[in-house]
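Residues are numbered in my numbering as their position in the sequence shown, beginning at 1, plus a constant of 19. The C-beta atom is built at its ideal place from N, Cα and C for all residues, glycine as well.
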Amino acid sequence: MDMTAPFGATWGMLIERCEELPEDATLITPLSTGRFRVTGVQQQRVIIEDTDTGDSQPLQREQFEALVEHTRESASDGYDLERLPPKAEPYAAVLALHPRYVLDQQEGRVIELEEADESAVLDDTPHLSTIADDDDQADERAESDVSVYADALLLIDALEREDPTDLDGIDTPDLVNLYTLLSDVQRNANDLRKDVTDILLDRVQHDRPAHGQYGSVQRTTRRNRSLKDDKTVLEAFEGSGIDHEQLVGVDRGKVDEALEVVSVPESAVYDVSENEYVRKADVDEERKETRLQGLKDRLAVSDDPEAEVLRQEIDRLEQEIEELTEFSPGSAVGES
């Protein structure tokens, strides 16, 4: 085994692997899960393009060499990806195309193997997707086997038959149907959102929002407090100068007022817990409109008998988006 192979050989293999990538292959950055494609391979650099923004970026050979040196110096532990400079994640994703380098995304490290894994193939690379984008798979959609999918279809059907902008004009049985479907969609969507959240919590870090096609999410912490039993709370304030009568009934407001003037620790009267969750940080309405326009353009040249129905549906969705976004954020009313 030779852990001191000259970088020239490593670089030659790396650009060869880049040239072997399928045209529609998408690479995924290991921490922020950003997506990009390799659009060009030159003698001293690799050109990539962000699939969301369309921005191009050259990845220089000397920067790859520096990453290789850092990885080699880290020995078997690998190079901590958190140490990468801002916007340098694509270097790690591209380097891991080389059969001698692997990304340990669970530990957040890039590792150099003692020997190149010559049996490794591009399709086995976990941060590489050779599946075409959603736009290319629009005709291969299958019905989703989750409860919210069926409920959402029923709700869409009901909304198409009734006019939700004129609820007073809808008969009571139809309103009951709408209410039932809205409740079911909300409940099942929340169940599915919780499942998605559990997975995202393993992938999203506090200081690195994750970005998707329609928005982004970030990890945050929610702090919960619940009062302990009355006896424990009253004993905690014993000798503090706070009259028990001030706390009769152990009202949270009274307890908080008392905590502000005495040195009793919060943990003596509250059971405090924290739970991690992700919350929506941004919605890209422009991207939604672009997506709808892309679908509309595809339908415009389709001879499918069902295309006209889909065209009408997309026109309706575009109108809804326009109505929802016609106010600026500064003039939004009732925003939570």
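Beta-carbon gap between residue i and residue j smaller than 7 Å
{"i": "Glu38", "j": "Val60", "result": "yes"}
{"i": "Arg102", "j": "Trp30", "result": "no"}
{"i": "Pro49", "j": "Leu122", "result": "yes"}
{"i": "Tyr110", "j": "Gln76", "result": "no"}
{"i": "Glu179", "j": "Ile189", "result": "no"}
{"i": "Arg238", "j": "Val223", "result": "yes"}
{"i": "Phe55", "j": "Asp69", "result": "yes"}
Cut-off 7 Å between Cβ atoms - residues of its own chain near residue i, not counting five sequence neighbours on either side
{"i": "Leu200", "result": "Asp170, Leu173, Leu174 and Ala177"}
{"i": "Ser259", "result": "Val281 and Val283"}
{"i": "Glu254", "result": "none"}
{"i": "Ile261", "result": "Ala277 and Val281"}
{"i": "Asp203", "result": "Asp170"}
{"i": "Glu92", "result": "none"}
{"i": "Pro183", "result": "none"}
{"i": "Val274", "result": "Leu246, Val252, Leu266 and Val288"}
Spatial neighbours of residue i in its chain, beta-carbon cut-off 8 Å, leaving aside the 5 residues before and after
{"i": "Asn207", "result": "Val165, Ser166, Val167 and Asp170"}
{"i": "Glu272", "result": "In the sequence as presented, Glu is not what sits at residue 272; that position holds Gly. If we look at Gly272 and ignore the five residues flanking it on each side, it has no Cβ neighbours."}
{"i": "Ala28", "result": "none"}
{"i": "Leu186", "result": "Leu194"}
{"i": "Pro192", "result": "none"}
{"i": "Asp210", "result": "Ser166 and Val167"}
{"i": "Glu108", "result": "Thr48, Pro49, Leu50, Ser51, Gly53 and Leu100"}
{"i": "Ile66", "result": "Val57, Thr58, Gly59, Val60, Ser75, Gln76, Pro77 and Leu78"}
Option in the options with minimal Cα separation from residue i
{"i": "Val113", "options": "Thr72, Glu133, Gly73 and Glu35", "result": "Glu35"}
{"i": "Arg119", "options": "Val215, Glu134, Thr191 and Val252", "result": "Glu134"}
{"i": "Leu33", "options": "Ile189, Leu116 and Leu194", "result": "Leu116"}
{"i": "Gln63", "options": "Gly53, Phe55, Ser51 and Leu78", "result": "Leu78"}
{"i": "Asp71", "options": "Ala94, Ala229 and Leu219", "result": "Ala229"}
{"i": "Val236", "options": "Val195, Thr216 and Asn196", "result": "Thr216"}
{"i": "Asp10", "options": "Lys106, Ser202 and Leu197", "result": "Residue 10 falls outside the range modelled here, since the chain spans only 20 to 355, and no answer is possible."}
{"i": "Ser95", "options": "Glu126, Val65, Glu68 and Ile67", "result": "Glu126"}
{"i": "Leu46", "options": "Leu147, Pro183, Val204 and Ala255", "result": "Leu147"}
{"i": "Pro104", "options": "Val65, Leu86 and Ile261", "result": "Leu86"}
Neighbourhood of residue i by C-beta, 6 Å cutoff - its chain only, sequence neighbours within 5 removed
{"i": "Thr90", "result": "Tyr98, Val129 and Glu131"}
{"i": "Leu40", "result": "Val57"}
{"i": "Thr52", "result": "Ala229"}
{"i": "Asp152", "result": "A caution first: Asp152 carries a pLDDT of 46, below 50, which makes its placement in the model too unreliable to give a value."}
{"i": "Arg242", "result": "Glu293"}
{"i": "Leu197", "result": "Ala177"}
{"i": "Val291", "result": "Arg244"}
{"i": "His225", "result": "Arg238"}
Worksheet item: Quick one: complete beta strand (DSSP E) runs, 3+ long, within the segment 230 to 255?
Response: 234 to 246
Discussion item. Tell me whether the segment 246 to 260 and the segment 279 to 290 touch, counting them as touching only if at least three CB pairs, one residue from each stretch, are closer than 8 Å.
Written reply: yes
Item to complete: Scan the segment 91 to 129 and note each continuous alpha helix (DSSP H) run of 4 residues or more that stays entirely inside, going in chain order.
Response: 108 to 114
Item to complete: Mind listing, in chain order, the continuous beta strand (DSSP E) runs of no fewer than 3 residues lying wholly within the segment 36 to 66?
Response: 45 to 47 and 54 to 60
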